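The opening position of the sequence shown corresponds to residue 9 in the working numbering, with each subsequent residue numbered one higher. Backbone N, C-alpha and C define an ideal beta-carbon position, used for all residues, glycine too. Please read these numbers as outputs of a predicted model, since none were measured by experiment.
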Amino acid sequence: MRILNYFLMLLMVSMLWGGSNQAFSEDPNPACLHSDRGAWPLYRQWNTAELRHFSAWISRIYDRKANGTVAQRLAKLEQVLADPDMNLLLDPAFVGEPCNPQLDLESIRAMHRVVDCHKLSMSLGAYYACRRGLPFMFSHVRAVGGGDIRTADATYPVGTVSSFDYSSALQFFVDATVGTCTGNLRVPPYAKNAELSDTCPIALNRNYLVPGCLYYLDGHVLILAKLEPSGNVRFLDATTSYTRDLYTFNSMNVVTGITPKHSENKEDPYAGCFRGFRIFRFPVAETDDEGKVTRVRRRTDAEMAEFGFNTEQYEKMEELVKEGKITEDGLAFGSMHQLIRYRLRGGEPISVSGLIREYAARAREQLIARDAAVQEAWAEVRANGPIEFPDKGADWNIYTAGGRWGRYATALTDTEFRAAYFEFLEEADAAIQWLDMQSGHLDLKGFNLHAIWSTSDMAWAFLAEKDKVFRDTAFEITDSAGAKKAMTLFELEKRIFDLSFDPNHPPELRWGMRPDTGEAAGLPESPTPLRGGKMASMADAYNRQAYYRSLSQREIGETPYADQPLTGFPVRQIMNDYLWPKWRGNPTPPLAPHGGRAAYEARAVQKPRKEK
């Protein structure tokens, strides 16, 4: 009878909260409890299956933010949570049954209006918990020694509150965001009240370090959103910008600042050890014999072990600082980045040739689409006149403007193209390092194995193959007269900072043929209108837009026409200019063993030692 009453109660609550009686696919974490108070009804406990579900939800948001439509790539929190393609919790089959309904707009906007890095992590965690009927908590902290908790040497929790303690979901979301900051993350393991903290350190292990975990720098926190087969990590984050934008461009570049354990400090060896990878310290809902929630509390360190609680990142950093390297599985790593990639890599070797060819194929598709966009813009300008440069604040800049500029300019897609190119460079740079760490993790099919022994050899061979593939990767562009011309990816790579995004410019400038060179001689003058009725000449507009053409991350504020520098701003090096100077100089033995380095090292491991 008790079981029957319980399920009748669940049915009534789900109906009151807008639940559906539609049959869904199997829930990875079926309902196991119920509550009669709190900010929202509780149905489930946090467990590893729920964490995987949460990870899938975060991964979808990241994927659409990074690869979706223009609207999705520019989406802010309010739009993310309202888009069924971005927010899987709007899919009945994913959110499960029973569940709680979509938040009201007031609650969503309450989170959106205050979004920064930490408030984004709290907003997404609390929103997910609400929809799935899970408990969620936050702590109140104080600075050790007093002062600002955001910059204190450390903080310690002085109390916690949970969704179970509230009668209003809106008020809980307000307090969980406005009432917390990055100071909540500055709690070292095993310190005073550490088991009441919002987060805890996690193992550098692909089984535990999953999307939805966090990375805390000094004063900034990011949400881990993707693990790549190479072991690279991708993040979703925000800043204190008034625009409330969300970003996807950070990866291993932000994995810095991990404090080493100080074993010699016997009283407090983990002092200051709060930067690095962390995970929410998921709460536990305690119940009576009938499954009714009576209390919500923090998990202890021991209880967080199943989610990967571990302090090894601080211990590995101590080893690196004291020994100059980290030794593991017979390998020596010269940086935490190398160790992290080793720990998080997929099982398959990295195909170096595949890395190049896959990038080239994607780039070619993007460039073919770009030519169509350039032609459409040129036809529009000739038919209906020039298009005004958008200079009206963050919501009407060269990336976000609507109207004719938003339709025909390529400022956003060009910036994303450069970002993808430099991601390719970073993956190539990381792949080269594997030769010294674990050469067998590189699939060198298509390369001369006998000529690759050092990282210099690997860099030289990679760049030679990259240049060959880029020369073989051709696509057609159309000039201002409508004539077709072949261009290769090899040629475009050298023009990557010269491609005009201005829809008023003729196709020759759009494809990097600078107005101060003979390539652009004889082109029709096509000015760019400015706010206030002024007109900028084609050459002046091209020169003043040089700063924006150098970026691989879009500007989130205004993009003024006249206030940007014409020269002197940093411009990243293309692959050949960066990789070869970095890796040249590592000598190769005059007689390299047959079969390549990986085969030689494998034989060396297998060869039995002779008894003396």
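Once DSSP output is grouped into helix, strand and coil, what is the label at Asp-451?
As a working note, residue 451 is residue 443 in the sequence shown. Three-state result, Asp-451: strand.
For Phe-577, count neighbouring C-beta atoms within 10 Å of its own C-beta (all shown protein chains included) and say buried if the count is 16 or more, exposed if not.
Reading the sequence shown from its first residue, position 569 is the one you call residue 577. Under this definition Phe-577 is an exposed residue.
Which residues does DSSP pair with Ala-467 in a beta bridge?
On the sequence shown, position 459 is the one that residue 467 refers to. The partner list for Ala-467 (beta bridge, DSSP) is empty, contrary to what the question assumes.
Pull up the distance between the alpha-carbon of Gly-46 and that of Asp-183, whole angstroms please.
As a working note, residue 46 is residue 38 in the sequence shown. As a working note, residue 183 is residue 175 in the sequence shown. Straight-line Cα distance between these residues: approximately 14 Å.
Alpha carbon to alpha carbon, what distance is there between Lys-542 and Asp-451?
Here residue 451 corresponds to residue number 443 of the sequence shown, with the count starting at 1. Here residue 542 corresponds to residue number 534 of the sequence shown, with the count starting at 1. Taking the straight line from one Cα to the other gives about 57 Å.
Taking just the CA atoms, how far does Phe-290 sit from Thr-308?
To locate residue 308, count along the sequence shown from 1; it is residue 300. To locate residue 290, count along the sequence shown from 1; it is residue 282. If I take the Cα positions, the gap works out to 9 Å.
What's the gap between the Cα of Lys-274 and the Cα of Phe-288?
Along the sequence shown, one-based indexing puts residue 274 at 266. Along the sequence shown, one-based indexing puts residue 288 at 280. The C-alpha of Phe-288 is placed about 28 Å away from the C-alpha of Lys-274.
Specify the secondary structure class of Glu-527 as computed by DSSP and reduced to three states.
Your numbering for residue 527 matches position 519 in the sequence shown. Three-state DSSP puts Glu-527 in a helix.
Taking only three categories from DSSP, how would you classify Glu-434?
Along the sequence shown, read from residue 1 onward, the residue named residue 434 stands at position 426. Three-state result, Glu-434: helix.
Tyr-255 to Arg-140, Cα distance in whole Å?
As a position in the sequence shown, residue 255 is number 247, starting the count at 1. As a position in the sequence shown, residue 140 is number 132, starting the count at 1. Across the structure, Tyr-255 and Arg-140 are spaced so that their CA atoms are roughly 25 Å apart.
Determine the direct distance from the alpha carbon of Trp-386 to that of Val-360, and round the result to whole angstroms.
The residue given as residue 360 occupies position 352 in the sequence shown. The residue given as residue 386 occupies position 378 in the sequence shown. Going by the C-alpha atoms only, they are around 39 Å apart.
Check whether the Cβ atoms of Trp-519 and Ile-485 sit closer than 7 Å, and answer yes or no.
For this step, residue 519 is matched to residue 511 along the sequence shown. For this step, residue 485 is matched to residue 477 along the sequence shown. In this structure, Ile-485 lies closer than 7 Å to Trp-519 by Cβ.
Taking 6 Å as the limit between beta carbons, can you name the residues of its chain near Leu-681, skipping five residues before and five after?
Nothing can be reported for residue 681: it is not among the residues displayed for the chain, which extend from 9 to 620.
In the DSSP assignment, what are the bridge partners of Tyr-164?
Against the sequence shown, residue 164 aligns to sequence position 156. Beta-bridge partners assigned by DSSP to Tyr-164: Arg-150.
What is the DSSP secondary structure of Glu-294, reduced to helix, strand or coil?
To locate residue 294, count along the sequence shown from 1; it is residue 286. Here Glu-294 sits in strand by DSSP.
Which residues in the same chain have their Cβ closer than 6 Å to the Cβ of Met-521, if we skip the five residues on either side of it in sequence?
In the sequence shown, counting from the first residue as 1, residue 521 sits at position 513. Closer than 6 Å at the Cβ level, and outside the excluded window around Met-521, lie Glu-527, Ala-528.
Can you tell me whether Leu-375 is buried or exposed? The criterion is at least 16 other CB atoms within 10 Å of its CB, across all chains shown.
Reading the sequence shown from its first residue, position 367 is the one you call residue 375. Classification of Leu-375: buried, given that the 10 Å Cβ count is 16 or more.
To the nearest angstrom, how far is the alpha carbon of Ala-380 from that of Trp-468?
Position 372 of the sequence shown, counted from the start, is the residue given in the question as residue 380. Position 460 of the sequence shown, counted from the start, is the residue given in the question as residue 468. Going by the C-alpha atoms only, they are around 35 Å apart.
Does the region 568-588 come close enough to the region 430-443 that 3 or more CB-CB pairs lie under 8 Å?
yes
Go through its chain and collect everything with a Cβ distance to Leu-222's Cβ below 8 Å, but skip five positions before and after it.
Here residue 222 refers to the residue found at position 214 when the sequence shown is read from its first residue. Ser-129, Leu-193, Thr-207, Val-229, Leu-230, Ile-231, Leu-232, Phe-285, Arg-286, Ile-287, Phe-288.
Per the contact definition of three or more C-beta pairs closer than 8 Å, is the region 494-507 in contact with the region 546-563?
Contact check between the region 546-563 and the region 494-507: three or more CB pairs, one atom from each, fall below 8 Å, which counts as touching.
Quick check: what's the CA-CA separation for Asp-422 versus Phe-509?
As a first step, residue 422 is located in the sequence shown; it is residue number 414 there, counting from the start. As a first step, residue 509 is located in the sequence shown; it is residue number 501 there, counting from the start. Asp-422 and Phe-509: Cα-Cα distance of roughly 7 Å.
Please report the residue range of the alpha helix (DSSP H) in which Val-88 lies.
Here residue 88 corresponds to residue number 80 of the sequence shown, with the count starting at 1. Here the alpha helix (DSSP H) through Val-88 covers 85-90.
Touch check for the region 446-460 and the region 88-105: three-plus C-beta pairs under 8 Å?
no
Whole alpha helix (DSSP H) runs in the region 175-200 with 4 or more residues, listed along the chain?
177-186
Answer yes or no: do Cys-281 and Pro-196 have a C-beta to C-beta separation smaller than 7 Å?
Numbered from 1 along the sequence shown, position 273 holds the residue referred to as residue 281. Numbered from 1 along the sequence shown, position 188 holds the residue referred to as residue 196. Yes; because the gap between Cβ atoms is below 7 Å, this pair is in contact.
Determine the contact status of Ala-199 and Gly-316, defining contact as a CB-CB distance below 7 Å.
Locating residue 199 in the sequence shown gives position 191, where the first residue counts as 1. Locating residue 316 in the sequence shown gives position 308, where the first residue counts as 1. Their beta carbons are not under 7 Å apart, which means Ala-199 does not touch Gly-316 by this criterion.
Can the beta-carbon of Trp-588 be found closer than 7 Å to that of Ile-440?
Numbered from 1 along the sequence shown, position 580 holds the residue referred to as residue 588. Numbered from 1 along the sequence shown, position 432 holds the residue referred to as residue 440. No; because the gap between Cβ atoms is not below 7 Å, this pair is not in contact.
Verify whether the separation of the beta carbon atoms of Leu-41 and Pro-143 is less than 7 Å.
As a working note, residue 41 is residue 33 in the sequence shown. As a working note, residue 143 is residue 135 in the sequence shown. Going by C-beta atoms, Leu-41 is not nearer than 7 Å to Pro-143.
Can you tell me whether DSSP reads His-345 as helix, strand or coil?
The residue labelled residue 345 in the question sits at position 337 within the sequence shown. Shown here, His-345 sits in a helix according to DSSP, grouped into three states.
Cα separation between Ala-313 and Asp-253?
On the sequence shown, residue 313 is found 305 positions in, with the first residue counted as 1. On the sequence shown, residue 253 is found 245 positions in, with the first residue counted as 1. Each residue's Cα considered, the two are about 34 Å apart.
Measure the C-alpha to C-alpha separation of Ile-266 and Arg-214 and round it to an integer number of angstroms.
Along the sequence shown, one-based indexing puts residue 266 at 258. Along the sequence shown, one-based indexing puts residue 214 at 206. Ile-266 and Arg-214: Cα-Cα distance of roughly 19 Å.
Any idea which residues DSSP pairs Pro-209 with across the strands?
Position 201 of the sequence shown holds residue 209. Beta-bridge annotation (DSSP): Pro-209 is paired with Arg-286.
Which one or two residues does DSSP pair with Ser-359 in a beta bridge?
The count along the sequence shown starts at 1 and reaches residue 359 at position 351. Asp-451.
Can you give the beta carbon distance from Arg-605 to Trp-461, rounded, assuming they're within the 8 Å contact cut?
Stepping through the sequence shown from its first residue, residue 605 is reached at position 597. Stepping through the sequence shown from its first residue, residue 461 is reached at position 453. Their Cβ separation, rounded to whole angstroms, is 5 Å, which keeps Arg-605 and Trp-461 in contact under 8 Å.
For the beta strand (DSSP E) containing Asp-245, list its first residue and its last residue.
Here residue 245 refers to the residue found at position 237 when the sequence shown is read from its first residue. Segment 241-246, the beta strand (DSSP E) holding Asp-245.
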